[in-house]
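To keep things clear, I will list the structure first and then write my remarks on it.
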């Protein structure tokens, strides 16, 4: 048996639990016709975690993702300089906690306007609900120590979840979702499948003749998600760079085969198997892997196996079974559901949720069937996976622990991974668990165990993040003149920037984004302004009664007579029409293949028609 000893460590950072909010901060935010978008990274710049990007237009303030940091550094995004009620809407690219975890903080500090929606896909809304409730439990536990103050409450969580406006992969005007937005705001958004997680999306924003694309987390490696949707062309691309230094990943199909074979071989030989993994995404990937293969085993072997999924994987699998269909699921799953009538594509006879079993967790470890346990967390830093490993060490002479995800520095999973390279017989780790009957230890406390290194296997190849060649393909489809790298360590970003510079023909500028450093997105327009600022209404309000329009004056091809004040309503309508037209212009410029001369002609014709109708209406009155 393995040795166990109780160990306590009361060390821990306190500052990371204090968000950077309020106060004045000098940010250069100049939004005009030359820079219709200004983007401010408030997290997720040269780091993986707390993704959060403020988007400023002339008429609104928006956030793209609002995540938590799960590694070193500040826990929350930097929210300094935001005013109460300033945020008009939040867009979420997917449900992972490093993209949604700080949403309740916005509610707690009052940064969201009264009617501000959280716009995202239907699966993301459902999964975020699960992840945010779990995150609140962890936040409460972490802030029980002296010097730490809880930053948001369950009330804040409920309020922000009530703001969710779920949708599909679609394009829409923001005004369809935000009732209070300025009439002059013509922001248009589009979600497309990013194939990273169920419901994950890239996001395109278009306003005033310019477009910017946020990649979100790009995948394309899943066995149950559709292929990545082709993004639209844009002026600027904010591109994730998690694996910017990796040319290509190990084959995901081969990796799944290897994991399946090792798990089944061990379990049919009577050795229990633990697969620590993410509760959302990776757990369902593994369940789907077993479902597609386990029926090929002899019946006597199938009867011997008991595949248990535990922790957050339980509620997440329910969500996957509910939402993994239509546009959110791979064609193979859609066809399977239709042909078989099975409404639970991620479950099978040998799979059981721990909470729904008639026996306790202790009893399942003592049952005749050999358990294959899928449980978060993937790094053995929380959840049920460290508890199962502790029980394995106390109960069994032989077992298997299959690591299949990224292991962050300082985590128990990383210690196990490093022990393989060091060729040790046993590795000592402190697990954040007191066993199945011991309750949850305080932060920094836990149980010391020695794990036989012969138990441990490590597989690469299941990453849900694309390697740099797929990222390059995505960037080529966007064809931006400006690329801003986000969501990656600096070394990965530097390698990705070099790769893009050598292989992306459209790009003229590549930047590694910096925290709180505003980025102005400049549309690639000809020198002649097509549609720009038209402050005619403001001028009219100030001087309209004094301005005379004579017989020779013309708007477009129409002669106009009288004072400009008589045309107040028409000019206001004209300005709104021009702004709407500028949004359409961006689509035509990026998507239609029209020449600049073609576009200028279309704009002139549209303007003449708008003015002609306005004049005729005024004369009839």
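Residue numbers (the working numbering): 1 to 621. Every residue, glycine too, gets a C-beta built ideally from N, C-alpha and C. Computed from a predicted model, the values in this text were never measured in an experiment.
Among 81, 82 and 66, whose alpha-carbon lies nearest the alpha-carbon of residue 103?
Taking the chain shown and counting its residues from 1, the one referred to as residue 103 is at position 103. Measuring from the Cα of residue 103, the nearest candidate turns out to be 66.
Starting from the C-beta of residue 101, find all residues in its chain whose C-beta is less than 6 Å away, skip the five residues before and the five after it, and write them out in chain order.
Translated into positions along the chain shown, residue 101 becomes position 101. Taken in chain order, the residues that qualify are 67, 68 and 135.
Distance check for residue 612 and residue 544, CA to CA, integer angstroms please.
As a first step, residue 544 must be located in the chain shown, where it is residue number 544. As a first step, residue 612 must be located in the chain shown, where it is residue number 612. Residue confidence for residue 544 is low, a pLDDT of 44 falling below 50, so the modelled location carries little weight; the figure read from the coordinates is stated next. The alpha-carbon atoms of residue 544 and residue 612 are separated by roughly 20 Å.
Assuming contact is defined by CB atoms lying nearer than 8 Å, are residue 225 and residue 123 in contact in what I supplied?
Here residue 225 corresponds to residue number 225 of the chain shown, with the count starting at 1. Here residue 123 corresponds to residue number 123 of the chain shown, with the count starting at 1. Going by C-beta atoms, residue 225 is not nearer than 8 Å to residue 123.
If we require 4 or more residues per run, which alpha helix (DSSP H) segments fall completely within the stretch 332–361?
The qualifying runs do not exist here; there are none.
Hey, quick one: how far does the beta strand (DSSP E) through residue 512 stretch, first residue to last?
Residue 512 sits at position 512 when you count from the first residue of the chain shown. Counting along the chain, the beta strand (DSSP E) containing residue 512 begins and ends at 509–512.
With DSSP as the reference, identify every bridge partner of residue 251, one or two as the case may be.
The count along the chain shown starts at 1 and reaches residue 251 at position 251. Beta-bridge pairing links residue 251 to no other residue.
So, does the stretch 235–252 touch the stretch 489–502, judging by three or more C-beta pairs under 8 Å?
Verdict: yes, contact present.
In terms of residue numbering, what span does the alpha helix (DSSP H) encompassing residue 413 cover?
Along the chain shown, one-based indexing puts residue 413 at 413. Its alpha helix (DSSP H) spans residues 412–422.
Could you give the DSSP three-state label for residue 404: helix, strand or coil?
Residue mapping note: residue 404 aligns to position 404 of the chain shown, counting from 1. Coil.
Which same chain residues end up closer than 8 Å to residue 472 when comparing Cβ atoms and leaving out the 5 residues on each side of it in sequence?
What you label residue 472 is simply residue 472 of the chain shown in a count that begins at 1. Answer for residue 472: 499, 500, 503 and 504, listed in chain order.
How long is the line joining the alpha carbons of residue 242 and residue 494, rounded to whole angstroms?
Here the question's residue 242 lines up with position 242 in the chain shown. Here the question's residue 494 lines up with position 494 in the chain shown. For residue 242 and residue 494, the distance between alpha carbons rounds to 11 Å.
Is residue 172 helix, strand or coil when you go by DSSP?
For the purposes of this step, residue 172 is identified with residue 172 of the chain shown, where counting begins at 1. Of the three classes helix, strand and coil, the one that applies to residue 172 here is strand, per DSSP.
Taking the C-alpha atoms as reference points, what is the distance between residue 11 and residue 381?
Numbered from its first residue, the chain shown carries residue 11 at position 11. Numbered from its first residue, the chain shown carries residue 381 at position 381. Residue confidence is low: residue 11 scores 32 on pLDDT, short of 50, so the model does not pin down where it sits. Its coordinate-derived value is still stated next. Approximately 16 Å between the Cα atoms of the pair.
Using the C-alpha atoms, what's the distance from residue 81 back to residue 28?
What you label residue 28 is simply residue 28 of the chain shown in a count that begins at 1. What you label residue 81 is simply residue 81 of the chain shown in a count that begins at 1. Each residue's Cα considered, the two are about 12 Å apart.
Unbroken beta strand (DSSP E) runs of length 3 or more, entirely within the stretch 269–329: which are they?
As far as the stretch 269–329 is concerned, its whole beta strand (DSSP E) runs of at least 3 residues are 273–276 and 305–309.
Assign residue 170 to one of two classes, buried (16 or more other C-beta atoms within 10 Å of its C-beta) or exposed (fewer than that).
Residue 170 sits at position 170 when you count from the first residue of the chain shown. So residue 170 ends up on the exposed side.
To which residues of the same chain is residue 45 closer than 7 Å at the C-beta, ignoring the five residues directly before and after it?
For this step, residue 45 is matched to residue 45 along the chain shown. Answer for residue 45: 486, 513, 514 and 515, listed in chain order.
Just to confirm before moving on: does the CB-CB distance between residue 266 and residue 400 stay below 8 Å?
Along the chain shown, read from residue 1 onward, the residue named residue 266 stands at position 266. Along the chain shown, read from residue 1 onward, the residue named residue 400 stands at position 400. For residue 266 and residue 400, yes; Cβs fall inside 8 Å.
On the three-state DSSP scale, how would you describe residue 494?
Residue numbering aside, residue 494 sits at position 494 when the chain shown is read from its first letter. It is helical.
Please report the straight-line C-alpha distance between residue 156 and residue 128, rounded to a whole angstrom.
As a first step, residue 156 must be located in the chain shown, where it is residue number 156. As a first step, residue 128 must be located in the chain shown, where it is residue number 128. Those two C-alpha atoms are separated by around 14 Å.
Between the Cα of residue 47 and the Cα atoms of 60, 231 and 98, which residue gives the shortest distance?
As a position in the chain shown, residue 47 is number 47, starting the count at 1. Nearest of 60, 231 and 98 to residue 47, Cα basis: 98.
Confirm, please, whether the CB-CB distance from residue 289 to residue 223 is below 8 Å.
Position 223 of the chain shown, counted from the start, is the residue given in the question as residue 223. Position 289 of the chain shown, counted from the start, is the residue given in the question as residue 289. A contact, by the Cβ cut-off of 8 Å.
Excluding five sequence neighbours on each side, which residues of the same chain lie with their C-beta closer than 7 Å to the C-beta of residue 140?
As a first step, residue 140 must be located in the chain shown, where it is residue number 140. Taken in chain order, the residues that qualify are 150.
Between the stretch 316–327 and the stretch 195–211, can you find at least three pairs of beta-carbon atoms closer than 8 Å?
The stretch 195–211 vs the stretch 316–327: in contact.
I need the DSSP call for residue 65, collapsed to helix, strand or coil.
For the purposes of this step, residue 65 is taken as the residue at position 65 of the chain shown. Three-state result, residue 65: strand.
I'd like to confirm the pairing. Which residues does DSSP put opposite residue 428 in its beta bridges?
Reading the chain shown from its first residue, position 428 is the one you call residue 428. Answer is 450, bridged to residue 428.
Give the DSSP bridge partners of residue 166, in chain order.
What you label residue 166 is simply residue 166 of the chain shown in a count that begins at 1. Paired residue(s): 120.
What is the DSSP secondary structure of residue 218, counted as helix, strand or coil?
Here residue 218 refers to the residue found at position 218 of the chain shown. Three-state result, residue 218: coil.
Suppose you measure from the CA of residue 386 to the CA of residue 144; what does that come to, to the nearest Å?
As a working mapping, residue 386 is identified with position 386 in the chain shown. As a working mapping, residue 144 is identified with position 144 in the chain shown. One C-alpha to the other measures close to 22 Å.
Within a Cβ cutoff of 8 Å, which residues of the same chain sit near residue 424, ignoring the five residues on either side of it in sequence?
If you number the chain shown from 1, residue 424 lands on position 424. Once the five neighbours on either side are set aside, the close Cβ partners of residue 424 are 453.
Ordered along the chain, which non-local residues of its own chain (more than five positions away) have a Cβ less than 7 Å from that of residue 684?
Nothing can be reported for residue 684, as the shown portion of the chain is limited to 1 through 621.
Assign residue 477 to one of three DSSP states: helix, strand, or coil.
Walking along the chain shown from the start, residue 477 turns up at place 477. Residue 477: helix per DSSP, three-state reduction.
Here's a check: name, in chain order, each residue in its chain whose Cβ is nearer than 7 Å to the Cβ of residue 21, leaving out the five neighbours to either side.
The residue given as residue 21 occupies position 21 in the chain shown. Hits under 7 Å: 79, 80 and 109.
Which residue from 412, 264 and 91 puts its Cα closest to that of residue 294?
Your numbering for residue 294 matches position 294 in the chain shown. Of 412, 264 and 91, the residue nearest in Cα terms is 264.
So, are the CB atoms of residue 194 and residue 130 less than 8 Å apart?
Position 194 of the chain shown, counting from 1, holds the residue named residue 194. Position 130 of the chain shown, counting from 1, holds the residue named residue 130. No, these two residues do not count as a Cβ contact at 8 Å.
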